[in-house]
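Residue numbers (our numbering): 3 to 271. Backbone N, C-alpha and C fix where the C-beta goes; we use that ideal spot for every residue, glycine too. Note that the structure is predicted; figures quoted are calculated from it, not measured. What follows is a single structure, written as C-alpha cells, with notes after it.
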Ligand SMILES: [Zn+2]
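What follows is the structure in C-alpha cells.
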C-alpha cells in the first residue's frame, strides 16, 4: 500500500491531461491557467522589446481589429473565452506579413499583414486561425512533448517548482516555440473555418490569403510567415475540399466586406 500515493498522483495527472485536453489528440500536461501565465509573461516581454516589436498605438485601428476578434470568440465552439485573454496587439512593421498568438490568447498582427490582404473576411480568417492555435493550446502541447516526461516525473516526485521556472525562463529566448507544426496548421485552419461559420464572414476566406501568399512566394517579406506557418499546397486543398463539401455559396461583398476593409486600410499609418 505504500505505493498508493504514487498511483493516486499519477491518476490525478492523467485526469488533468484528459480533462483539459482540447481540440484533437494532443496531450498537454499544462493547465489552461498555465497557458495564461506563460502568455502573460511573453506579452510583457514583447511589450518591453519595442525595437523588435514596435507596438502601434492607434486606438481606432486597434478597435477595428479587436472587434473582429471579439465576434470570433463569441463562436459557440470557443471554450476558453472566459479563461484566455483574447487581447489584440498591432505591431507597426510594414515589412513583416505575419500574425501570431501566445498561449492564453494574446494575438499579434503586423501592419504588413493588414496592408497585404484585401478584405475583412480574410482578416477574420487569419484571426480565427490564431485563436485556434490558442484554443487548441498548440504551444503548451509542443512544450509537453519537449519536457513532458521530466515534468511529470518531477511533479510525482514533488520537485516541480524549479523545473517549471526553468522552462519559463527558457521560453523567452526568442519566440521559436511559437513555430507551428504542419498538423497544428491543419487543425488551426479547420477550427478557423468552424468559428467563422457562426459569424458574418465567409468561412472559406483564408483561401484568399493562401493564394496571395502563393503568388508572392519569392518575396522576402513572407520569410517569417512561412517559417512560423508552413504553407503547403495541402492546406489550400484541404480548405477547398471543405468549402466544396459544405456546398458554400460563392462569396460576395455581403460576407467579404472588401469596401469596408479598403476604407480601414486608408486609416493605417
Ligand atoms: Zn498557424
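Annotated three-state conformation of residue 58 is coil, per DSSP.
Taking 7 Å as the cut-off, the C-beta of residue 182 counts as close to a heavy atom of ligand 1. Distances between the C-beta of residue 130 and the heavy atoms of ligand 1 are all 7 Å or more.
86 is the residue among 86, 137 and 240 whose C-alpha sits nearest the C-alpha of residue 39.
Close CB contacts of residue 209 within its chain, under the 6 Å cut and outside five residues either way in sequence, are with 241 (chain order). With fewer than three CB-CB distances shorter than 8 Å, the region 203-222 does not count as touching the region 132-152. Residue 122 and residue 263 do touch by the CB rule: their CB atoms are close to 4 Å apart, below 8 Å. A Cβ-Cβ distance of about 6 Å is found for the pair residue 110 and residue 93, placing them in contact under the 8 Å criterion. The region 60-79 makes contact with the region 184-204; the number of CB pairs closer than 8 Å reaches 3 or more. With 16 or more other Cβ atoms inside 10 Å of its own Cβ, residue 237 counts as buried. Each of 46, 79, 126 and 48 was checked against the Cα of residue 66, and the nearest Cα belongs to 126. Relative to residue 107, the option among 243, 60, 34 and 61 whose CA is nearest is 34. Placement of the Cβ of residue 190 at a distance of less than 7 Å from at least one heavy atom of ligand 1 is found. 8 Å or more divides the Cβ of residue 135 from the Cβ of residue 191. The three-state secondary structure of residue 146, taken from DSSP, is helix. Per DSSP, residue 202 lies in no beta strand (DSSP E) and is assigned neither H nor E. Counted as a single uninterrupted DSSP element, the stretch harbouring residue 88 is not any alpha helix (DSSP H), since DSSP gives it neither H nor E. Checking the 7 Å criterion, the Cβ of residue 231 is within range of a heavy atom belonging to ligand 1.
In terms of CA proximity to residue 146, 32 leads the group 261, 270, 32 and 46. Listed in chain order, the non-local C-beta contacts of residue 89 below 6 Å within the same chain comprise 108, local neighbours out to five positions each way being set aside. With 16 or more other CB atoms across the displayed protein chains lying within 10 angstroms of its CB, residue 95 is buried. Between the C-alpha atoms of residue 49 and residue 269 there is a straight-line separation of about 23 Å. The three-state reading of DSSP puts residue 209 in helix, counting H, G and I together.
In this structure, residue 113 places its C-beta atom within 8 Å of the C-beta atom of residue 58.
Taking the Cα of residue 91 as reference, the smallest distance to any Cα among 115, 82, 80 and 249 is reached at 115. At least 8 Å separates the beta-carbon of residue 117 from that of residue 26.
By alpha-carbon distance to residue 130, the top candidate from 97, 144 and 79 is 79. Not a single heavy atom of ligand 1 lies less than 7 Å from the C-beta of residue 45.
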